[in-house]
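**Q** What follows is a structure written as structure tokens; I'll ask about it next.
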Amino acid sequence: MCGGLLIPAAMQPTILSSCLFFMLTILLGCKSSTAESSGNPELCIVSSLVTPYFVPLLDTPRKTRGCSTSYKSAAAQTHSKSHSHHVENKEIHVMAQNVHHMQEVHVIMLHSVTSSFLISHRLKSQTPSPVKLSVNFSQDGEVNESNADVLGRLILVLNSDHPVAWELVANYNNKEDTSDDSYSSPQPLILVSEGSTVEGNFKFNFSHKRWPNKKALQRYVRREYPLLASYTEVKGANHLELKVGSILSLSQNPSLGTECNIDSLTESRVLTAYSTVQLKTEGCFHEDYIGDNQVDVYVVELDAGAKGNRPNRGPLPVLIQLQGEGMRPVPRNVTLILKSHQPIRWQFGANGINGNIIVVSDHEDLVENSAVGGHQNLEVRSKPLPDNLPELLLSVTTEFAPPILYAKTGRASTLRLLVGSTRNKAGEFMFILWCI
Numbered sequence: 004m005c006g007g008l009l010i011p012a013a014m015q016p017t018i019l020s021s022c023l024f025f026m027l028t029i030l031l032g033c034k035s036s037t038a039e040s041s042g043n044p045e046l047c048i049v050s051s052l053v054t055p056y057f058v059p060l061l062d063t064p065r066k067t068r069g070c071s072t073s074y075k076s077a078a079a080q081t082h083s084k085s086h087s088h089h090v091e092n093k094e095i096h097v098m099a100q101n102v103h104h105m106q107e108v109h110v111i112m113l114h115s116v117t118s119s120f121l122i123s124h125r126l127k128s129q130t131p132s133p134v135k136l137s138v139n140f141s142q143d144g145e146v147n148e149s150n151a152d153v154l155g156r157l158i159l160v161l162n163s164d165h166p167v168a169w170e171l172v173a174n175y176n177n178k179e180d181t182s183d184d185s186y187s188s189p190q191p192l193i194l195v196s197e198g199s200t201v202e203g204n205f206k207f208n209f210s211h212k213r214w215p216n217k218k219a220l221q222r223y224v225r226r227e228y229p230l231l232a233s234y235t236e237v238k239g240a241n242h243l244e245l246k247v248g249s250i251l252s253l254s255q256n257p258s259l260g261t262e263c264n265i266d267s268l269t270e271s272r273v274l275t276a277y278s279t280v281q282l283k284t285e286g287c288f289h290e291d292y293i294g295d296n297q298v299d300v301y302v303v304e305l306d307a308g309a310k311g312n313r314p315n316r317g318p319l320p321v322l323i324q325l326q327g328e329g330m331r332p333v334p335r336n337v338t339l340i341l342k343s344h345q346p347i348r349w350q351f352g353a354n355g356i357n358g359n360i361i362v363v364s365d366h367e368d369l370v371e372n373s374a375v376g377g378h379q380n381l382e383v384r385s386k387p388l389p390d391n392l393p394e395l396l397l398s399v400t401t402e403f404a405p406p407i408l409y410a411k412t413g414r415a416s417t418l419r420l421l422v423g424s425t426r427n428k429a430g431e432f433m434f435i436l437w438c439i
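Structure below.
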């Protein structure tokens, strides 16, 4: 009998032999692989490495020029009007009440680094460039408490001289739930230039507008939104961070001023911009090792240049983001080995992982806990790490376990590591179970 099926007696020896032969092949293969990895734990054929489990990024700041007001929400008043209607010989007198409509309007003009000739030539056929806009809802420490929760309607005017695929991400940092507030804000309104698209992690209304040039945009803004929270121009950026949130309303504090000078060249106080690129990586990745041991080990080597390149300067800041794979937290213990060629200030954060996390860095480095959840136990160790790659991997294997990943990259500002969920290896033995 094989897998619950009746097999003729003449065929049973043949089927059984095949099953046994396949089982033996699998077991010998596993044993050979285990012996090879344990006998040569330092084995890593370094080559070009592209994997979603390790993404090194370099953020280059871009200048942001424009204006912003001391307040962020403007109150547009609807004046009282009296008019009469005659209905069936009865005069009905209607008085419109004074109403303050709160709205917060931010205008962003994104310029491309490409020449205007190439932009106009490729405008119709060009694929929209991805640009991430993080909208950070925060509150100033000196905020007027009576108005702190009043945001009004958020309006974003996003113009660019080339097609852009806008990705909007709302971050509600240090913000309480305002679902029970007496003031209910309408959905934000997003206006984007023709040819661009917009997606986000929050609900909003949007429409396309056509502004042939910068002057046309400014005329539109002056006409439609005379009270701006900010107007900013930036060039060559693909990652923007905008601070929004009600601080003071014009009706409550009119002495703050009413105008945002869109011709200003002042550095923006509400918008920061970066040009983010992914760096090349060399190394090796053993996906089969995921979940095989009591701890998953990752080795990262950052080559930011010789130590003499930064005389009398502090450690380089590098953000490390450790993220669990999938929607649910990954139950896993993780050891992260951080090797650097010059002092680094590692800013470590982890999310979506349930387990113990050990971070081992060079003795000259600093490790800061920027954001670690309550389901993780973080331990930071400092020790001299070997400069020789085989020695480094051998020492890591001896002390912890064979590394899942070894990755070497250049001067990055952000390193994203994905902790994989347990690999489903049941399929390899499905045929064996079927034959029993």
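Numbering-wise (this note's numbering), the sequence shown opens with residue 4 and increments by one. Just so it is clear, CB atoms sit at the ideal spot from N, CA and C, and this is done for glycine as well.
Put ARG226 into one of helix, strand or coil per three-state DSSP.
**A** For the purposes of this step, residue 226 is taken as the residue at position 223 of the sequence shown. Helix.
**Q** What is the DSSP secondary structure of THR401, reduced to helix, strand or coil?
**A** Residue 401 sits at position 398 when you count from the first residue of the sequence shown. Helix at THR401.
**Q** Using 8 Å as the cut-off, can you tell me whether the segment 266 to 280 makes contact with the segment 52 to 71, which would need three or more C-beta pairs spanning the two stretches below that distance?
**A** Enough Cβ pairs lie closer than 8 Å, so yes.
**Q** Extract the residue ranges of the alpha helix (DSSP H) inside the segment 348 to 419, only unbroken runs of 4 or more that lie entirely within it.
**A** List check, alpha helix (DSSP H) in window: 392 to 402.
**Q** Do GLN297 and ASN241 come within 8 Å of each other at the CB atom, strictly closer than that value?
**A** For the purposes of this step, residue 241 is taken as the residue at position 238 of the sequence shown. For the purposes of this step, residue 297 is taken as the residue at position 294 of the sequence shown. Against a cut-off of 8 Å, the Cβ pair of GLN297 and ASN241 comes out as no contact.
**Q** At what residues does the beta strand (DSSP E) containing PRO64 begin and finish?
**A** Here residue 64 is taken as the residue at index 61 of the sequence shown, counted from 1. Here the beta strand (DSSP E) through PRO64 covers 57 to 65.
**Q** How many whole angstroms separate the CB atoms of PRO389 and SER398, which I take to be in contact at a CB cut-off of 8 Å?
**A** Numbered from its first residue, the sequence shown carries residue 389 at position 386. Numbered from its first residue, the sequence shown carries residue 398 at position 395. 6 Å between Cβ atoms; contact.
**Q** If I follow the unbroken beta strand (DSSP E) through SER115, where does it start and stop?
**A** Here the question's residue 115 lines up with position 112 in the sequence shown. Premise fails: SER115 is in no beta strand (DSSP E) and is neither H nor E.
**Q** With DSSP run on the structure shown, which of helix, strand or coil describes LYS217?
**A** One-based indexing of the sequence shown puts residue 217 at position 214. Helix.
**Q** I need the straight-line Cα distance from ILE193 to THR269, nearest angstrom please.
**A** Numbered from 1 along the sequence shown, position 190 holds the residue referred to as residue 193. Numbered from 1 along the sequence shown, position 266 holds the residue referred to as residue 269. So the alpha carbons of these two residues sit roughly 25 Å apart.
**Q** If you compare alpha carbons, which of SER196, GLU170 and VAL363 is closest to VAL160?
**A** Residue 160 sits at position 157 when you count from the first residue of the sequence shown. Closest option to VAL160, Cα to Cα, is SER196.
**Q** Once DSSP output is grouped into helix, strand and coil, what is the label at ASP306?
**A** In the sequence shown, counting from the first residue as 1, residue 306 sits at position 303. In this structure, ASP306 counts as coil in the three-state DSSP scheme.
**Q** What residue range is occupied by the uninterrupted beta strand (DSSP E) comprising LEU157?
**A** Residue 157 sits at position 154 when you count from the first residue of the sequence shown. Start and end: 156 to 163.
**Q** Quick check: what's the CA-CA separation for VAL247 versus GLY155?
**A** By one-based count along the sequence shown, residue 247 stands at place 244. By one-based count along the sequence shown, residue 155 stands at place 152. Rounded to whole angstroms, VAL247 to GLY155 spans 11 Å at the Cα level.
**Q** Who are the Cβ neighbours of GLY355 in its own chain at under 7 Å, not counting the five residues just before and after it?
**A** Reading the sequence shown from its first residue, position 352 is the one you call residue 355. Result list for GLY355: GLN326, GLY327, PRO332 and VAL333, in chain order.
**Q** Helix, strand or coil: how does DSSP classify SER187 here?
**A** Position 184 of the sequence shown, counting from 1, holds the residue named residue 187. Its pLDDT being 48, under 50, SER187 is placed unreliably by the model, and nothing is read from it.
**Q** Under the assumption that SER115 contacts GLU285 (Cβ atoms under 8 Å), give the Cβ distance between them as a whole number of angstroms.
**A** Your numbering for residue 115 matches position 112 in the sequence shown. Your numbering for residue 285 matches position 282 in the sequence shown. No, SER115 and GLU285 are not in contact; Cβ-Cβ is about 31 Å, not under 8 Å.
**Q** List the residues that DSSP assigns as beta-bridge partners of GLY203.
**A** Locating residue 203 in the sequence shown gives position 200, counting from the first residue. According to DSSP, which records beta bridges pairwise, GLY203 is partnered with LEU171.
**Q** By DSSP, does ASP291 sit in helix, in strand, or in coil?
**A** On the sequence shown, residue 291 is found 288 positions in, with the first residue counted as 1. Here ASP291 sits in helix by DSSP.
**Q** Quick check on VAL49: buried or exposed, where buried means 16 or more other Cβ atoms within 10 Å of its Cβ?
**A** Within the sequence shown, the letter at position 46 stands for residue 49. Exposed.
**Q** When DSSP labels each residue in this structure, what does ASP299 get in the three-state scheme?
**A** Here residue 299 refers to the residue found at position 296 when the sequence shown is read from its first residue. DSSP places ASP299 in strand when its eight states are reduced to three.
**Q** In angstroms with no decimal places, state the Cα-to-Cα distance between LYS178 and VAL138.
**A** On the sequence shown, position 175 is the one that residue 178 refers to. On the sequence shown, position 135 is the one that residue 138 refers to. Confidence at LYS178 is low in this model, with a pLDDT of 39, below 50, so its placement is unreliable and the value that follows should be read with caution. Their Cα atoms are separated by approximately 13 Å.
**Q** Under three-state DSSP, which class holds THR338?
**A** Start at 1 with the first residue of the sequence shown, and residue 338 comes out as number 335. It is a strand residue.
**Q** Whose C-alpha, out of PRO55, ILE407 and ASN359, is nearest the C-alpha of LEU381?
**A** For the purposes of this step, residue 381 is taken as the residue at position 378 of the sequence shown. The residue with the shortest Cα to Cα distance from LEU381 is ASN359.
**Q** Between PRO346, LEU136, PHE57 and LEU322, which has its C-alpha nearest GLU367's C-alpha?
**A** Stepping through the sequence shown from its first residue, residue 367 is reached at position 364. The residue with the shortest Cα to Cα distance from GLU367 is PRO346.
**Q** So which of TYR228, ASN216 and ARG414 has the shortest CA-CA distance to MET112?
**A** On the sequence shown, residue 112 is found 109 positions in, with the first residue counted as 1. Looking at the Cα atoms, ASN216 is the closest of the given residues.
**Q** Between which residues of its own chain and THR130 is the CB-CB distance below 6 Å, once the five residues before and five after are set aside?
**A** Numbered from 1 along the sequence shown, position 127 holds the residue referred to as residue 130. Nothing listed; no residue qualifies.
**Q** Given GLU294, which residues of its chain have a CB within under 8 Å of its CB, disregarding the five upstream and five downstream residues?
**A** Position 291 of the sequence shown holds residue 294. The amino acid at residue 294 is misidentified as Glu; the sequence shows Gly. Excluding sequence neighbours, GLY294 sits near ARG335, GLY423, SER424, THR425 and ARG426.
**Q** Taking the alpha carbon of PRO133 as the reference point, which residue from CYS70, THR200 and ILE361 has its own alpha carbon closest?
**A** For the purposes of this step, residue 133 is identified with residue 130 of the sequence shown, where counting begins at 1. Comparing Cα-Cα distances from PRO133 to each of CYS70, THR200 and ILE361, the minimum goes to THR200.
**Q** What does DSSP give as the partner residues of GLU197 in its beta bridges?
**A** Counting from 1 along the sequence shown, the entry for residue 197 is found at position 194. Its beta-bridge partners do not exist; DSSP assigns none.
**Q** State yes or no: is the C-beta of ALA307 within less than 8 Å of the C-beta of LEU322?
**A** One-based indexing of the sequence shown puts residue 307 at position 304. One-based indexing of the sequence shown puts residue 322 at position 319. No; because the gap between Cβ atoms is not below 8 Å, this pair is not in contact.
**Q** Name the two residues that bound the continuous beta strand (DSSP E) containing HIS242.
**A** By one-based count along the sequence shown, residue 242 stands at place 239. Unbroken beta strand (DSSP E) run through HIS242: 242 to 247.
**Q** CYS263 to LEU231, Cα distance in whole Å?
**A** The residue labelled residue 263 in the question sits at position 260 within the sequence shown. The residue labelled residue 231 in the question sits at position 228 within the sequence shown. The alpha-carbon atoms of CYS263 and LEU231 are separated by roughly 6 Å.
**Q** Since GLY69 and ILE361 should fall inside the 8 Å C-beta cutoff, what is the C-beta to C-beta distance between them, to a whole number of angstroms?
**A** Here residue 69 refers to the residue found at position 66 of the sequence shown. Here residue 361 refers to the residue found at position 358 of the sequence shown. Contact doesn't hold; Cβ gap of about 45 Å is too wide.
**Q** Considering only the alpha carbon of each residue, which of TYR409, SER416 and ALA415 lies closest to TYR56?
**A** On the sequence shown, position 53 is the one that residue 56 refers to. Nearest C-alpha to TYR56: TYR409.
**Q** Looking at C-alpha atoms only, which residue of LYS212, GLU244 and PRO387 is the closest neighbour of ARG272?
**A** Numbered from its first residue, the sequence shown carries residue 272 at position 269. Minimum Cα distance to ARG272 is reached at GLU244.
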